[in-house]
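The next block holds one structure in the form of structure tokens; read it before the comments.
2 protein chains.
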Amino acid sequence: MEKLAHLPADKQKQITDGALLSFSTNGYKKASVSDIAAAAGISKAMVFHYFGTKKELYLDLMQFCSDIVVEAVQEKFDPDITDFFERIRMASAIKLAVLARHRAILSFLSSMFFEQDPEVEPEIKAFIASSEGLRNQMALEGMDVSKFKEGVDPQTVMKILVRYSEGIVSEQPNSAAIDPEAIVREFDEVMELLRNHFYKEEYLH
Amino acid sequence: MEKLAHLPADKQKQITDGALLSFSTNGYKKASVSDIAAAAGISKAMVFHYFGTKKELYLDLMQFCSDIVVEAVQEKFDPDITDFFERIRMASAIKLAVLARHRAILSFLSSMFFEQDPEVEPEIKAFIASSEGLRNQMALEGMDVSKFKEGVDPQTVMKILVRYSEGIVSEQPNSAAIDPEAIVREFDEVMELLRNHFYKEEYLH
DNA sequence: CGGGTATTGACCGAATCGGTCGATGAGAAT
DNA sequence: ATTCTCATCGACCGATTCGGTCAATACCCG
Numbered sequence: 010m011e012k013l014a015h016l017p018a019d020k021q022k023q024i025t026d027g028a029l030l031s032f033s034t035n036g037y038k039k040a041s042v043s044d045i046a047a048a049a050g051i052s053k054a055m056v057f058h059y060f061g062t063k064k065e066l067y068l069d070l071m072q073f074c075s076d077i078v079v080e081a082v083q084e085k086f087d088p089d090i091t092d093f094f095e096r097i098r099m100a101s102a103i104k105l106a107v108l109a110r111h112r113a114i115l116s117f118l119s120s121m122f123f124e125q126d127p128e129v130e131p132e133i134k135a136f137i138a139s140s141e142g143l144r145n146q147m148a149l150e151g152m153d154v155s156k157f158k159e160g161v162d163p164q165t166v167m168k169i170l171v172r173y174s175e176g177i178v179s180e181q182p183n184s185a186a187i188d189p190e191a192i193v194r195e196f197d198e199v200m201e202l203l204r205n206h207f208y209k210e211e212y213l214h
Numbered sequence: 010m011e012k013l014a015h016l017p018a019d020k021q022k023q024i025t026d027g028a029l030l031s032f033s034t035n036g037y038k039k040a041s042v043s044d045i046a047a048a049a050g051i052s053k054a055m056v057f058h059y060f061g062t063k064k065e066l067y068l069d070l071m072q073f074c075s076d077i078v079v080e081a082v083q084e085k086f087d088p089d090i091t092d093f094f095e096r097i098r099m100a101s102a103i104k105l106a107v108l109a110r111h112r113a114i115l116s117f118l119s120s121m122f123f124e125q126d127p128e129v130e131p132e133i134k135a136f137i138a139s140s141e142g143l144r145n146q147m148a149l150e151g152m153d154v155s156k157f158k159e160g161v162d163p164q165t166v167m168k169i170l171v172r173y174s175e176g177i178v179s180e181q182p183n184s185a186a187i188d189p190e191a192i193v194r195e196f197d198e199v200m201e202l203l204r205n206h207f208y209k210e211e212y213l214h
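As you go down the protein sequences, you meet chains Z and A in turn.
Count the first sequence with my numbering and you get residues 10 to 214, in order.
Count the second sequence with my numbering and you get residues 10 to 214, in order.
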């Protein structure tokens, strides 16, 4: 990716976004270099000029995504926040920060997880194994779940919120720019609703 | 699809499921007939023997899915049930009945909605337009939303449940048979949780 | 104007595409 | 046993698309 470095930033973004999008929606094999070039707004020859081969492009993108996620986590993760909803709000903020920079990163990473093409599968497995550490850091352990009313299972609440947030994201139209504030607002509303009805009275502000 | 009719039922299912899965995960253009044949467990020549052309196959599947959904709706929809949660439970039961018969139907139908290949796009548009009636019937209007506590927005609750159910479904491993009872149990749990905390006391027996 | 260098259209052999067809073989009927 | 039927498939077709290359052009800076 070094050859990309001295391009205008918006062009870089356009190219990586197009490539990420193509790979995440079509998988490694079915995402042709022509597709990628079209999605990136450049000619096919330029893709090879910038990245060498299709495989190198894929692996470069892998590293690229990882760097951005790691950076966002290190920037925003705070283990001192223990309140259940605040923790989830923080995790969502991290996701959203990543998403705002490159909307296709998260779907690329999750598609990577299911990628099976023998040309890249071993590298992916090695990569996933090597970033196990990050997952441990992100694991939402050490949360304070004592404020819930009886009969409310924190894990269920977490699942509800995770799925709701996935729904918001996948609902975003692919064409338009992402609107982080609107998303945060909608998500906060749901969190507040659950908090108000699932926390014991004494913990409502 | 007439040629399929006198095959053993499990073979029919295997073939349609494979084709539905290929199209829904790869789209019309990128789902090659070889892919479909492999996913269906038959030779490529048989695909053409059964369906004529790739396009006919796609359109046949479209009708096939529609028939099953219509049948499930007519069988299970009851407009007399007005309670919010019961309505949602009913809609989920319909979805689940469809899913249990052919796990790829719903994802095929939703992928259809985004299909843009000029070879099938006009037929899809016509089809969608012609089945508008069904959507009106399914629209969850006429629900009783008076039992909610103040400050609880029924639309938000519905969104939570819809997304939660989507989460359950997409979480199912693609390889194994679907377990409707386990899904219903998990979903009922969440519905009960929300009902217990969002309905006014007087409606909780 | 000259000299890089960023960018591309045209092209390569190989692979894959949608689709065809003759060979094979199991089963039913005679 | 023999013929007929027909489901099934491997091998093949011409056409397209694949990943990748390269000579030529467009463009920028001095």
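Where a beta carbon is used, it is the ideal one built from N, C-alpha and C, also for glycine.
Through-space distance from residue j to residue i, alpha-carbon basis
| i | j | result |
| --- | --- | --- |
| MET99 of chain A | PHE86 of chain A | 7 Å |
| ILE137 of chain A | ILE97 of chain A | 24 Å |
| GLU190 of chain A | GLU175 of chain Z | 24 Å |
| ASP188 of chain Z | ALA81 of chain A | 38 Å |
| LYS134 of chain A | GLU211 of chain A | 47 Å |
| LEU13 of chain Z | SER179 of chain Z | 29 Å |
| GLU141 of chain A | LYS168 of chain A | 22 Å |
| VAL166 of chain Z | LYS63 of chain Z | 42 Å |
| LEU115 of chain A | ASP89 of chain Z | 43 Å |
| LEU105 of chain A | VAL107 of chain Z | 34 Å |
| PHE207 of chain A | GLU150 of chain A | 20 Å |
| VAL161 of chain Z | VAL78 of chain Z | 32 Å |
| MET200 of chain A | LYS20 of chain A | 37 Å |
| GLN72 of chain Z | LEU29 of chain A | 34 Å |
| LEU91 of chain Z | SER75 of chain Z | The sequence shown places Thr at residue 91 of chain Z, rather than the Leu named in the question. Taking the straight line joining both Cα atoms gives about 26 Å. |
| HIS58 of chain Z | LEU170 of chain A | 48 Å |
| LEU202 of chain Z | ILE177 of chain A | 22 Å |
| ALA186 of chain A | HIS15 of chain A | 24 Å |
| ALA18 of chain A | SER139 of chain A | 29 Å |
| PHE60 of chain Z | GLN181 of chain Z | 30 Å |
| MET55 of chain Z | GLN83 of chain A | 55 Å |
Chain-order list of residues whose beta-carbon lies under 7 Å from that of residue i (same chain, five-residue window excluded)
| i | result |
| --- | --- |
| ALA1 of chain Z | Because chain Z is modelled from 10 through 214, residue 1 of chain Z falls outside the range shown and cannot be assessed. |
| LYS53 of chain A | VAL42, SER43, ALA46 |
| GLY50 of chain A | GLN23, GLY27 |
Other residues of its chain near residue i: CB distance less than 8 Å, five sequence neighbours each side excluded
| i | result |
| --- | --- |
| ARG204 of chain A | PHE94, LEU213 |
| PRO163 of chain Z | PHE93, MET152, VAL154, PHE157 |
| SER184 of chain Z | none |
N- and C-terminal bounds of the alpha helix (DSSP H) containing residue i
| i | result |
| --- | --- |
| ILE133 of chain A | 130-139 |
| ILE45 of chain Z | 42-49 |
| ILE192 of chain A | 189-207 |
| ILE90 of chain A | That residue, ILE90 of chain A, is in no alpha helix (DSSP H); it is neither H nor E in DSSP. |
| GLY151 of chain Z | Run containing GLY151 of chain Z: none; DSSP gives neither H nor E here. |
| GLN21 of chain A | 18-39 |
| LEU115 of chain A | 114-123 |
| HIS58 of chain Z | 53-60 |
| TYR173 of chain Z | 163-180 |
Supposed contact pair residue j and residue i - C-beta distance, whole angstroms, cut 8 Å
| i | j | result |
| --- | --- | --- |
| TYR37 of chain A | GLU159 of chain A | With 8 Å as the limit, TYR37 of chain A and GLU159 of chain A do not qualify as a contact, their Cβ atoms being about 49 Å apart. |
| ARG144 of chain Z | ARG172 of chain A | ARG144 of chain Z to ARG172 of chain A, Cβ: 24 Å. No contact. |
| LYS39 of chain Z | LYS39 of chain A | 5 Å |
Chain-order list of residues whose beta-carbon lies under 6 Å from that of residue i (same chain, five-residue window excluded)
| i | result |
| --- | --- |
| MET10 of chain A | ASP69 |
Practice task
Kindly confirm or deny that the stretch 18-26 of chain A and the stretch 95-114 of chain A touch, where touching means at least three C-beta pairs closer than 8 Å.
Solution key: Three or more Cβ pairs closer than 8 Å define a contact, and the stretch 18-26 of chain A meets that threshold against the stretch 95-114 of chain A.
Problem - Segment contact, 8 Å Cβ cut-off, at least three pairs: the stretch 117-134 of chain Z with the stretch 30-47 of chain Z - result: With the cut-off at 8 Å, the stretch 117-134 of chain Z and the stretch 30-47 of chain Z touch.
Handout entry: Touching by the beta-carbon criterion (3+ pairs, under 8 Å), the stretch 191-208 of chain Z and the stretch 33-53 of chain A
Key = No contact exists between the stretch 191-208 of chain Z and the stretch 33-53 of chain A.
Problem - Contact between the stretch 60-75 of chain Z and the stretch 124-140 of chain Z (3+ Cβ pairs under 8 Å) - result: By the Cβ criterion, the stretch 60-75 of chain Z is in contact with the stretch 124-140 of chain Z, since at least three pairs of Cβ atoms, one from each stretch, lie closer than 8 Å.
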